[in-house]
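Accompanying notes for the structure given below.
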Amino acid sequence: MELAGEEPFTGFGLPGTPGTDAFWATARTPASVPDGAGGWTTLFLRRGSEAATVGFESWSEPVPLRRWGVTDCWYALVRMPARLRVTY
């Protein structure tokens, strides 16, 4: 899934421009959508000024979050198997 434009997370049901107060007021994650291959693409968000990772207990290595432009919005898109149950 490619993210672009001023409202990149609308495919996950999260409208608005990342980093704005209006965006954060409605942002809820994780949010998942079918990946077209029988699994899911899951969006994780974090608000902050420093880089971070999302960790998964006994499933994968920590996944680094990427910053959306120069905003306080950090995100990761993680492909997950359909039947995965994991703690993060």
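Residues 53 to 140 in this note's numbering are what the sequence shown spells out, letter by letter.
Even for Gly, the Cβ is constructed at its ideal location relative to N, Cα and C.
In this text, all values refer to a predicted model and were calculated from it rather than measured experimentally.
*Bounding residues of the beta strand (DSSP E) (the contiguous stretch that carries alanine 83)*: 83-86
*In three-state DSSP terms, what is phenylalanine 108?*
Assigned with DSSP and collapsed to three states, phenylalanine 108 falls in coil, not helix or strand.
*Hey, proline 70 and threonine 123 are a contact pair by Cβ (cut 8 Å); roughly how many whole angstroms apart?*
5 Å
*Quick one: give me the first and last residue of the alpha helix (DSSP H) that tryptophan 76 is part of.*
Here the alpha helix (DSSP H) through tryptophan 76 covers 73-78.
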